[in-house]
Amino acid sequence: DAGVIQSPRHEVTEMGQEVTLRCKPISGHNSLFWYRQTMMRGLELLIYFNNNVPIDDSGMPEDRFSAKMPNASFSTLKIQPSEPRDSAVYFCASSSISGSYEQYFGPGTRLTVT
Amino acid sequence: GQQLNQSPQSMFIQEGEDVSMNCTSSSIFNTWLWYKQDPGEGPVLLIALYKAGELTSNGRLTAQFGITRKDSFLNISASIPSDVGIYFCAGQRSGTYKYIFGTGTRLKVLA
Numbered sequence: 035d036a037g038v039i040q041s042p043r044h045e046v047t048e049m050g051q052e053v054t055l056r057c058k059p060i061s062g063h064n065s066l067f068w069y070r071q072t073m074m075r076g077l078e079l080l081i082y083f084n085n086n087v088p089i090d091d092s093g094m095p096e097d098r099f100s101a102k103m104p105n106a107s108f109s110t111l112k113i114q115p116s117e118p119r120d121s122a123v124y125f126c127a128s129s130s131i132s133g134s135y136e137q138y139f140g141p142g143t144r145l146t147v148t
Numbered sequence: 691g692q693q694l695n696q697s698p699q700s701m702f703i704q705e706g707e708d709v710s711m712n713c714t715s716s717s718i719f720n721t722w723l724w725y726k727q728d729p730g731e732g733p734v735l736l737i738a739l740y741k742a743g744e745l746t747s748n749g750r751l752t753a754q755f756g757i758t759r760k761d762s763f764l765n766i767s768a769s770i771p772s773d774v775g776i777y778f779c780a781g782q783r784s785g786t787y788k789y790i791f792g793t794g795t796r797l798k799v800l801a
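Protein chains in written order, with our numbering: chain A, 35 to 148; chain B, 691 to 801.
Listed below in structure tokens is the structure:
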């Protein structure tokens with residue numbers, strides 16, 4: 035079975051540019067989570083969705099960040115405009131709210147903003 | 691964001707030795723998860739715990755859900771070089787689907 039799929043795996047962009055990260059959760063999972071990982075702050079939850087509805091976006095750093103989940107098999111995290119301090123690894127994870135709540139991570143997108 | 695206290699922060703051990711690490715919180719959790727992360731990869735789920743006192747094994751790994759529900763432990767027996775990586779705990783409170791993650795334990799195994 036395919037795990038959580040993220041694209042791109044690496045993204046290098048210039049400050050001020052728009053960045054879109056993509057995620058496909060595990061089929062049948064109805065919860066989706068976006069995390070950011072840095073050396074200084076570790077793994078931080080940015081936002082999570084249940085049944086495509088955003089439930090908690092308290093971790094989103096500021097208005098430059100937005101996330102959408104138009105259907106059960108796709109989500110995006112957008113940063114506009116990007117800044118060097120947004121450089122990090124962004125992970126998507128999914129789980130089933132009707133099951134064991136075990137959360138499975140994708141391989142991540144390493145974002146570098148110059 | 692909030693993080694769980696995980697210790698030790700890093701460990702250097704000889705191949706064949708056993709390893710213990712733990713995670714503590716001031717809050718009560720209903721679920722504990724343990725992950726391993728290799729460089730350049732996402733965290734991989736190792737063990738899930740659902741009840742206070744529960745002891746669960748996955749090969750050479752054994753994890754326990756603390757009786758107070760505020761802590762969890764992970765043991766690795768007879769370590770091998772491929773055990774190298776960062777180990778994270780994650781706790782989930784009642785009434786929410788989100789997890790709070792530990793600060794990680796970086797394990798290095800010397801052959």
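No residue lacks a Cβ here, since even glycine has one placed at the ideal position from N, Cα and C.
Source: prediction; values computed, not measured.
Legend entry - Candidates B:F791, B:L797, B:G706 and B:R750: closest to B:L723 by CA position: B:F791
Inset, instruction - Kindly say whether B:V774, judged by its beta-carbon, lies nearer than 9 Å to any beta-carbon of chain A. - result: no
Legend entry - Secondary structure of B:R750, DSSP reduced to three states: coil
Inset, instruction - Note down, in chain order, each residue of its chain lying with its Cβ closer than 8 Å to the Cβ of A:P118, except the 5 sequence neighbours on either side. - result: M49, V147 and T148
Inset, instruction - For the beta strand (DSSP E) containing A:E45, list its first residue and its last residue. - result: H44 to T47
Inset, instruction - Kindly say whether A:A122, judged by its beta-carbon, lies nearer than 9 Å to any beta-carbon of chain B. - result: no
Inset, instruction - Determine the chain A residues that contact B:Q827 at a beta-carbon separation under 8 Å, and present them in chain order. - result: Since the first residue shown for chain B is 691 and the last is 801, residue 827 of chain B is missing from the structure and cannot be characterised.
Legend entry - Boundaries of the beta strand (DSSP E) in which B:T714 is found, first to last residue: V709 to T714
Legend entry - Within-9 Å CB hit, A:S41 to chain B: no
Inset, instruction - Specify whether the region 62-81 of chain A and the region 90-99 of chain A touch according to this definition: at least 3 beta carbon pairs, one from each stretch, less than 8 Å apart. - result: yes
Inset, instruction - For A:F67, decide whether its Cβ has a neighbour in chain B, counting only Cβ atoms nearer than 9 Å. - result: Yes - at least one Cβ of chain B is within 9 Å of the one on A:F67.
Inset, instruction - Compare the beta carbon distance of B:I737 and B:A753 with 9 Å and say whether it is the shorter of the two. - result: In terms of Cβ geometry, B:I737 and B:A753 form a close pair [threshold 9 Å].
Inset, instruction - Could you check the C-alpha separation between A:L77 and B:Y740 for me, to the nearest Å? - result: 22 Å
Legend entry - One or two residues paired with B:L800 in a DSSP bridge: B:Q704
Legend entry - Minimum C-alpha distance to B:T758 - residue among B:T721, B:S697 and B:V774: Check the Cα spacing between B:T758 and each of B:T721, B:S697 and B:V774: the tightest is with B:T721.
Inset, instruction - Please classify A:S121: does DSSP put it in a helix, a strand, or coil? - result: coil
Legend entry - chain B within 9 Å of A:P141, Cβ atoms only: yes
Legend entry - Where A:I131 meets chain B, residues with beta-carbon distance less than 7 Å: Y787
Legend entry - Distance, A:I39 Cα to A:F99 Cα: The straight-line gap from Cα to Cα measures roughly 21 Å.
Inset, instruction - Measuring alpha carbon to alpha carbon, tell me which of B:L694, B:S697, B:A801 and B:K726 ends up nearest B:S769. - result: B:A801
Inset, instruction - Classify B:I718 as buried or exposed, calling it buried when 16 or more other Cβ atoms lie within 10 Å of its own Cβ. - result: exposed
Legend entry - Within-9 Å CB hit, B:V734 to chain A: The C-beta of B:V734 comes closer than 9 Å to at least one C-beta of chain A.
Legend entry - Cβ-based neighbour list, A:P141, same chain, cut-off 7 Å, excluding 5 preceding and 5 following: Annotation for A:P141: Q40 and R43 place their beta carbon closer than 7 Å to its own, counting only its chain and skipping 5 residues before and after.
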